[in-house]
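A.B. asks: Numbering (our numbering), first residue to last: 3 to 317.
#1: Quick one: using the 10 Å Cβ neighbour count with 16 as the cut-off for buried, is residue 266 buried or exposed?
#2: Grab the span of the alpha helix (DSSP H) containing residue 263 for me, first residue to last.
#3: Alpha carbon to alpha carbon, how far is residue 16 from residue 69?
#4: What first and last residue would you give for the alpha helix (DSSP H) that runs through residue 304?
#5: Residue 170 and residue 142: beta carbons closer than 9 Å?
#6: By Cβ distance, which residues of its chain are closer than 6 Å to residue 244, with the 5 residues on each side in sequence left out?
#7: Going by C-alpha distance, which of 273, 129 and 277 is nearest residue 263?
#8: Which of the three DSSP states, helix, strand or coil, is assigned to residue 279?
#9: Determine the burial state of residue 3: buried for a count of at least 16 other Cβ atoms within 10 Å of its Cβ, exposed for fewer.
#10: I need the DSSP call for residue 164, collapsed to helix, strand or coil.
#11: Which residue from 272, 115 and 153 puts its Cα closest to that of residue 317?
#12: With DSSP as the reference, identify every bridge partner of residue 156, one or two as the case may be.
#13: State the start and end residues of the unbroken beta strand (DSSP E) segment that holds residue 17.
#14: Could you check where the beta strand (DSSP E) with residue 186 kicks off and where it finishes?
#15: Of the residues 230, 222, 183 and 270, which one's Cα is nearest the Cα of residue 242?
#16: On a CA-only basis, which of 301, 151, 225 and 38 is nearest residue 205? Give me that one, please.
#17: Quick one: give me the first and last residue of the alpha helix (DSSP H) that residue 55 is part of.
#18: By Cβ distance below 7 Å, which residues in the same chain neighbour residue 88 in space, the five residues on each side in sequence not counted?
#19: Buried or exposed: which applies to residue 168, given that a residue is buried once 16 or more other Cβ atoms fall within 10 Å of its Cβ?
#20: Can you tell me which of 50, 111, 185 and 178 puts its alpha carbon nearest to the alpha carbon of residue 155?
#21: Would residue 100 and residue 175 be called neighbours here (beta carbons separated by less than 9 Å)?
#22: What does the alpha-carbon distance come out to for the pair residue 108 and residue 25?
#23: Could you tell me the boundaries of the alpha helix (DSSP H) in which residue 132 lies?
#24: Measuring alpha carbon to alpha carbon, tell me which residue in 86, 117, 137 and 287 is nearest residue 247.
#25: Indicate the three-state DSSP secondary structure (helix, strand or coil) for residue 123 in the structure shown.
#26: I need the DSSP call for residue 234, collapsed to helix, strand or coil.
#27: Just the Cα atoms here: how many angstroms apart are residue 290 and residue 310?
#28: Which ranges would you report for the alpha helix (DSSP H) in the segment 195–234 if only whole runs of at least 4 residues count?
#29: Between residue 27 and residue 94, what straight-line distance do the alpha-carbon atoms span, to the nearest angstrom?
#30: Got a sec? Which residues, its chain only, sit under 6 Å from residue 82 by beta carbon, not counting five neighbours each side?
#31: Under the assumption that residue 213 contacts residue 288 (Cβ atoms under 8 Å), give the Cβ distance between them as a whole number of angstroms.
What follows is the structure in structure tokens.
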């Protein structure tokens, strides 16, 4: 099967031409792409008939976007995102379309460097720092197709190539404001899940800063760079895997308690099931820290300051 070249995908096309490329399996970044599977393409066509107008509107948006090729290579399942639950268990296909269009409008308006990072498949290191042991840590920003139900961009903290925390989000319009909607917050992978001692070791190495706290701090700075006016996050009952279509996966895979973490950083649970987060995570005054812990607290603030400094360089 012939692969449509990057230039061909980048050149102007209509929604119908894009649909034709997809149904023929022309658009795929590698030989393992889902679009190479005839059954997947047939399922996409059948499901499109459930929301024909929304699907065509979405294909028109993708086809006319200046970063169309990068979007399709970063998120292989991008064209069929309206056919599955997306971002929140309570989102309709119309909600998903509005969120996706708003996000990729924001991508198009971002500065070139930040735009490339937001569309980087798998993620690119944007921050590097050392723990007190000398261990190297990196924060990566990019697009993860494996997390595509939870959002369009992912921040992840890694050490020695192993992910310690991953936060996936989408830029949306929420109650008239530009918002960063966090659809997922993952801890260590299953391989590391059995090594809780490792996470505790990392926390100590980062002067008491949990991996999830570090990615949230980075998300706050990213939001600032994107002109975000508010931050919201899914709660325990609004995560996308709480949708009835994922009841089996929820029973076997979904064990996260999102709300306890959001509340611990100053978030507030709303009646609609999402959490409103502060734009900046509050820090204690040095006077409120026990004297014997002040040196460690100052070193933790030094790590956060370094993360903020490196992220602001993306402007």
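Quick reminder that beta carbons are idealized off the backbone N, C-alpha and C, glycines included.
C.D. replies: In terms of the structure at hand:
#1: Translated into the one-based positions of the chain shown, residue 266 becomes position 264. It counts as exposed.
#2: Position 261 of the chain shown holds residue 263. From DSSP, the alpha helix (DSSP H) with residue 263 extends over 260–266.
#3: On the chain shown, position 14 is the one that residue 16 refers to. On the chain shown, position 67 is the one that residue 69 refers to. One C-alpha to the other measures close to 15 Å.
#4: Taking the chain shown and counting its residues from 1, one reaches residue 304 at position 302. Where residue 304 is concerned, the enclosing alpha helix (DSSP H) stretches over 296–314.
#5: Locating residue 170 in the chain shown gives position 168, counting from the first residue. Locating residue 142 in the chain shown gives position 140, counting from the first residue. No, Cβ-Cβ distance for residue 170 and residue 142 is not below 9 Å.
#6: Residue numbering aside, residue 244 sits at position 242 when the chain shown is read from its first letter. 91.
#7: As a working mapping, residue 263 is identified with position 261 in the chain shown. Selected option, being the one with the closest Cα: 277.
#8: Position 277 of the chain shown, counting from 1, holds the residue named residue 279. Strand at residue 279.
#9: Your numbering for residue 3 matches position 1 in the chain shown. With a pLDDT of only 46 at residue 3, under the threshold of 50, the placement of this residue in the model should not be trusted, and no figure is reported.
#10: Walking along the chain shown from the start, residue 164 turns up at place 162. In this structure, residue 164 counts as strand in the three-state DSSP scheme.
#11: Taking the first residue of the chain shown as position 1, residue 317 is located at position 315. Comparing Cα positions, the closest option is 115.
#12: In the chain shown, the residue the question calls residue 156 occupies position 154. According to DSSP, which records beta bridges pairwise, residue 156 is partnered with 144 and 170.
#13: Translated into positions along the chain shown, residue 17 becomes position 15. Careful: residue 17 lies outside any beta strand (DSSP E), inside the alpha helix (DSSP H) at 17–26.
#14: Reading the chain shown from its first residue, position 184 is the one you call residue 186. Residues 179–188.
#15: Against the chain shown, residue 242 aligns to sequence position 240. Measuring from the Cα of residue 242, the nearest candidate turns out to be 183.
#16: Here the question's residue 205 lines up with position 203 in the chain shown. Residue 301 is the option with its Cα nearest to residue 205.
#17: Locating residue 55 in the chain shown gives position 53, where the first residue counts as 1. Counting along the chain, the alpha helix (DSSP H) containing residue 55 begins and ends at 54–66.
#18: Taking the first residue of the chain shown as position 1, residue 88 is located at position 86. Counting only Cβ-Cβ distances below 7 Å, and skipping sequence neighbours, we find 98, 151 and 242.
#19: Numbered from 1 along the chain shown, position 166 holds the residue referred to as residue 168. Buried.
#20: In the chain shown, counting from the first residue as 1, residue 155 sits at position 153. The option with the nearest alpha carbon to residue 155 is 185.
#21: Position 98 of the chain shown holds residue 100. Position 173 of the chain shown holds residue 175. Yes, they are a contact pair.
#22: Locating residue 108 in the chain shown gives position 106, where the first residue counts as 1. Locating residue 25 in the chain shown gives position 23, where the first residue counts as 1. Taking the straight line joining both Cα atoms gives about 28 Å.
#23: Walking along the chain shown from the start, residue 132 turns up at place 130. From DSSP, residue 132 is part of no alpha helix (DSSP H) but of the beta strand (DSSP E) over 126–132.
#24: Walking along the chain shown from the start, residue 247 turns up at place 245. It is 86 whose Cα lies nearest to the Cα of residue 247.
#25: As a working note, residue 123 is residue 121 in the chain shown. Strand at residue 123.
#26: Here residue 234 refers to the residue found at position 232 of the chain shown. Note: residue 234 maps to strand in three-state DSSP.
#27: Against the chain shown, residue 290 aligns to sequence position 288. Against the chain shown, residue 310 aligns to sequence position 308. About 23 Å.
#28: 198–207 and 213–227
#29: Residue 27 sits at position 25 when you count from the first residue of the chain shown. Residue 94 sits at position 92 when you count from the first residue of the chain shown. Their backbone Cα atoms lie some 27 Å apart in a straight line.
#30: What you label residue 82 is simply residue 80 of the chain shown in a count that begins at 1. Contacts found: 46.
#31: As a position in the chain shown, residue 213 is number 211, starting the count at 1. As a position in the chain shown, residue 288 is number 286, starting the count at 1. The pair is not a contact, with the Cβ atoms about 24 Å apart (cut-off 8 Å).
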